[in-house]
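Quick note, the sequence shown lines up with residues 1 to 265 if you use the UniProt record's numbering.
See structure below.
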Amino acid sequence: PLAARPAPARSQRPEPNVATATRTDRIIIVALDPGHGGEDPGAIGPNGTREKDIVLQVARRLRDRINGSSLGGNPMRAFMTRDDDFFVPLQVRVQKARRVQADLFISIHADAFTTPAARGASVFALSQNGASSSAARWMANKENQSDQVGGISVGAHEVQVQRALLDMSTTAQIKDSLKLGGAMLGEFRRIGARLHKGDVEQAGFAVLKAPDIPSVLVETAFISNPEEEAKLRNVAYQEDLADALMKGIQRYFSQNPPLARSRAL
Numbered sequence: 001p002l003a004a005r006p007a008p009a010r011s012q013r014p015e016p017n018v019a020t021a022t023r024t025d026r027i028i029i030v031a032l033d034p035g036h037g038g039e040d041p042g043a044i045g046p047n048g049t050r051e052k053d054i055v056l057q058v059a060r061r062l063r064d065r066i067n068g069s070s071l072g073g074n075p076m077r078a079f080m081t082r083d084d085d086f087f088v089p090l091q092v093r094v095q096k097a098r099r100v101q102a103d104l105f106i107s108i109h110a111d112a113f114t115t116p117a118a119r120g121a122s123v124f125a126l127s128q129n130g131a132s133s134s135a136a137r138w139m140a141n142k143e144n145q146s147d148q149v150g151g152i153s154v155g156a157h158e159v160q161v162q163r164a165l166l167d168m169s170t171t172a173q174i175k176d177s178l179k180l181g182g183a184m185l186g187e188f189r190r191i192g193a194r195l196h197k198g199d200v201e202q203a204g205f206a207v208l209k210a211p212d213i214p215s216v217l218v219e220t221a222f223i224s225n226p227e228e229e230a231k232l233r234n235v236a237y238q239e240d241l242a243d244a245l246m247k248g249i250q251r252y253f254s255q256n257p258p259l260a261r262s263r264a265l
C-alpha cells in the first residue's frame, strides 16, 4: 500500500549540488579524549597540579562549545572517552570513538619534560614512518606508558594495530589529521599562545591509531613549567584553549566537510 512506502532519504541519494558539500543530514560527532585519569594522574606540576584534572576541565569546556554548535545545519555533539576521574585503557579510548563513528578524535594532554624551562603548546598526529623528531618520539613513548600504569598489557593489541596501519585508509587519516592539527595550531597562534613547535609533529601515539578517524593529540602546555602550570589552572586560560580548539575544528570542517555517511542515532 502507498501509506507503507518510506519517504525518500536525501542522505541516501543526495542531489548533485553544492549544498551536499556541507550538509549531511546527520549529527557531527567529535570524540574528546581527556588524557590519563583514575590511578594514572599523568604529569604533575611543581605545585601539585595533576594533568588528569586539567585536561578533563578543558575537555568539558570544549564539549559545551561543541554541543552548542552546528555545521552547515547539522548539529554537533561531543563524545567524551571519559567524563570523570577514571582510568580508560588507550585502545578502549580508540574503540569508543570508532563505536560512535566519530568524525574527529582529539586527545587533550598537558606536557611534562625533564627540565622546567620547556614551554608551549604542541599538536601531534600519527606517523607510519617514525617520529618527526626525538622529542616527538620521547613524548609518544611517555604517553603510551599510560596503560602500564593501569596494569594493561598491550602486546596482543599492538599486533592488531600494526595490521590496521597497513590499511590504505590510515594514510588518508594521517593526511586529514595533519590538516586538523594545522588548523588548531593556527588558532593557538591567534590567541597568543606560545607554541613549542610551529608545525604538527608526528609519532606513534597508540591513542591516535584509529585508521578511519582524523586524530590529533594536543599538548596544551608544559605543566612542568611553573608559569604554564599556573596558566593551566586559570579558568580564563582554559576558556581560551577551548575557544581555540573549537575554532580549529570549525576551520578544519570548513575546508574538509564531513562525509555524508549514515549513522544510527
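Beta carbons are placed, not taken as given, at the ideal position from N, Cα and C, and that holds for glycine.
The structure presented is a predicted model; accordingly, all values stated were derived computationally and were not measured.
Annotated as distal: P34 and P226, with beta-carbon spacing of 8 Å or more. Contact fails between the segment 111 to 121 and the segment 60 to 75, because fewer than three Cβ pairs, one in each stretch, are under 8 Å apart. Contact between the segment 38 to 52 and the segment 70 to 80 is absent: fewer than three C-beta pairs spanning the two stretches fall below 8 Å. Comparing alpha-carbon positions, the option among A172, G198, E187, T220 lying closest to K209 turns out to be A172.
Sorting G181, K197, A97 by C-alpha distance to the C-alpha of I28 places A97 at the top. At a cut-off of 4 residues, the continuous stretches assigned as alpha helix (DSSP H) that sit fully inside the segment 205 to 253 are 226 to 233. In the DSSP assignment, A59 falls within the unbroken alpha helix (DSSP H) covering 51 to 67. Annotation: A97 is outside any beta strand (DSSP E); the continuous alpha helix (DSSP H) that includes it extends over 90 to 99.
Looking at P214, E239, R26, I44, the one whose alpha-carbon comes closest to that of A193 is E239. The Cβ atoms of G248 and H196 do not sit closer than 8 Å to each other. Q128 is classed as exposed because its beta carbon has fewer than 16 other beta carbons within 10 Å across all chains shown. In the structure shown, Q202 adopts extended strand secondary structure according to DSSP, grouped into three states.
In this structure, L126 keeps its C-beta atom at 8 Å or more from the C-beta atom of A31. Look at L185 here: in three-state DSSP terms it is helix. Inter-residue distance for L56 and D25 is about 30 Å (C-alpha atoms, whole angstroms). The beta-bridge partner set that DSSP reports for R77 consists of I29. Only residues of its own chain outside the window of five on either side were considered, and among them F105, S177, L208 have a CB closer than 6 Å to the CB of S215, listed in chain order.
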